[in-house]
Amino acid sequence: MAEKLAISGGTPVLQRTDFKNWAIITDDDRRLINQVLDSGIMAGGTAPQVSSLEKEWADYT
Numbered sequence: 001m002a003e004k005l006a007i008s009g010g011t012p013v014l015q016r017t018d019f020k021n022w023a024i025i026t027d028d029d030r031r032l033i034n035q036v037l038d039s040g041i042m043a044g045g046t047a048p049q050v051s052s053l054e055k056e057w058a059d060y061t
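Quick note: the sequence shown uses full-length UniProt numbering, first residue 1, plus one each step.
Given below as structure tokens:
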């Protein structure tokens, strides 16, 4: 290898400014997540949120 690794004093591939923050979680996000958790049905064909997401995704694509 011709160049030093960044940890050994070489040039880093990414700069600090290349890193982005996660999206901010809103109160609406929390409300929707809590609806799923409170329902007790988080996966499968009987989960209303799963069916809704599948329909919305099908309409989108």
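Don't be surprised by glycine CBs; every beta carbon is placed ideally from N, CA and C. Because the structure is a prediction, the values reported are computed rather than measured.
When DSSP states are grouped into helix, strand and coil, A23 belongs to the coil group. Judged by their CB atoms, V50 and A58 are not nearer to each other than the 8 Å cut-off. DSSP places Q35 within a helical segment (H, G or I) once states are collapsed to three.
Annotated three-state conformation of I7 is helix, per DSSP.
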